[in-house]
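Working notes, structure below.
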DNA sequence: TTGATAATTGACGTTTGCGTTAGTGATAGC
DNA sequence: GCTATCACTAACGCAAACGTCAATTATCAA
């Protein structure tokens with residue numbers, strides 16, 4: 007049953023326009039990502055129209071997060087999403103016993119990639135926390151200056167009467 | 007005395023090469039930032055060599071932070087550092103009383119810019135925190151899978167004897 | 001079946017953020 | 001005064017990440 011749900015999620019039924027609308031990127035961008043290997047070549051309708059799945063949508067969103075939040079290049083992002091490919095490959099070709107070593111090394115690879123992402127995020131989070139603190143202090147200072155100036159103005163207005 | 011220190015910090019005495027070394031950007035980049043209005047045109051030696059101050063170094067570092075952490079474009083960064091200009095202008099032409107309104111509106115401008123930065127940072131921090139949490143869960147999951155596989159392997163090894 | 005949309009490939013264009021010469025002048029140590 | 005750096009301007013170059021036609025074909029609703 008879990009399998010059925012998985013299949014339902016993977017059922018490609020979205021045209022490129024809808025994916026574009028939902029993810030906020032252009033059709034051009036979707037084709038571009040495909041060309042660069044960031045998205046797997048989607049299945050097609052008889053006429054050749056691309057058909058995307060919900061998984062593909064999730065993937066595009068992930069790419070955008072890696073771009074916007076971490077500032078990674080598409081080349082770097084490609085490396086990371088390739089690890090996702092391996093996951094799906096693992097799930098598809100589920101040959102349980104014999105190749106345990108192979109599966110182990112792939113899980114290991116995924117662990118490494120995930121740890122790298124985590125390191126990047128952690129470093130950025132730290133630096134940004136520092137920056138936010140400084141900004142807060144700055145703001146407080148300006149607010150003070152502003153209050154002073156307001157007082158000055160009202161005083162000089164009072165003395166002018 | 008505070009004024010003397012400020013002047014000491016502003017004393018331009020660094021050549022472009024040293025600034026490049028200290029900030030980790032190239033000389034080309036420094037000239038480029040100047041061209042784009044991100045750095046004020048520095049003073050020059052008799053022969054025309056640029057002379058930077060410590061304040062300039064700090065500015066370059068700030069630019070780099072805004073680029074790397076927030077992913078802002080140079081155009082956006084320019085807007086922000088222009089507010090810094092106003093600060094220095096305020097400090098230089100310290101005409102206390104008369105133009106209180108003018109000073110108020112400039113402080114107000116700086117407050118707005120700072121708040122914008124703060125908003126960007128806050129949003130990013132939040133999104134990144136979510137991402138970090140997800141990554142943590144992912145990692146935990148993989149570790150589990152890894153442990154399972156290890157167990158499988160040792161078991162099949164045992165049954166093979 | 002006939003428009004009105006929506007998608008396809010291919011190719012060239014654009015912006016950002018610098019890199020990279022090239023040719024010339026400035027500074028400093030010996 | 002020579003020479004080894006260092007810096008100057010000007011101009012062209014370039015990779016990344018798409019944008020923008022153009023010409024053609026699909027899909028779908030009426």
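Protein chains in written order, with the working numbering: chain A, 7 to 167; chain B, 7 to 167. Beta carbons are placed, not taken as given, at the ideal position from N, Cα and C, and that holds for glycine.
Identity of the residue in the options nearest residue i by Cα
i              : options                       : result
residue 43(A)  : 26(A), 119(A), 152(A), 62(A)  : 62(A)
residue 4(B)   : 133(B), 142(B), 148(B), 66(B) : As displayed, chain B neither begins before 7 nor continues past 167, which places residue 4(B) out of reach and without an answer.
residue 89(A)  : 155(A), 28(A), 46(A)          : 46(A)
residue 20(A)  : 34(A), 51(A), 38(A), 35(A)    : 51(A)
residue 87(A)  : 39(A), 33(A), 24(A), 55(A)    : 39(A)
residue 119(A) : 85(A), 133(A), 129(A)         : 85(A)
residue 133(B) : 24(A), 68(A), 153(A)          : 68(A)
Same chain only: Cβ atoms within 6 Å of residue i, ignoring 5 sequence neighbours per side
i              : result
residue 49(A)  : 18, 57
residue 81(A)  : none
residue 151(B) : none
residue 162(A) : none
Cβ distance (whole Å) where residue i is taken to contact residue j below 8 Å
i              : j              : result
residue 149(B) : residue 106(A) : Not confirmed; about 16 Å, so no contact.
residue 75(B)  : residue 83(B)  : Residue 75(B) to residue 83(B), Cβ: 11 Å. No contact.
residue 145(A) : residue 117(B) : 7 Å
residue 141(A) : residue 127(B) : 7 Å
Close Cβ partners of residue i (< 8 Å) along its chain, the five nearest in sequence each way excluded
i             : result
residue 16(B) : 59, 60, 61
residue 30(B) : 70
7 Å CB neighbourhood of residue i in its chain, flanking five on each side removed
i              : result
residue 28(A)  : 63
residue 164(A) : none
residue 37(B)  : none
residue 131(B) : none
residue 23(B)  : 33
Stretch-stretch touch, CB-based, cutoff 8 Å, three pairs: the segment 106-124 of chain A with the segment 133-151 of chain B
yes
Segments of 4+ residues assigned as alpha helix (DSSP H) that fall wholly inside the segment 23-111 of chain A:
33-41, 60-74, 80-98
Going residue by residue through the segment 111-146 of chain A, where are the continuous beta strand (DSSP E) segments of at least 3 residues, counting only ones entirely within it?
none
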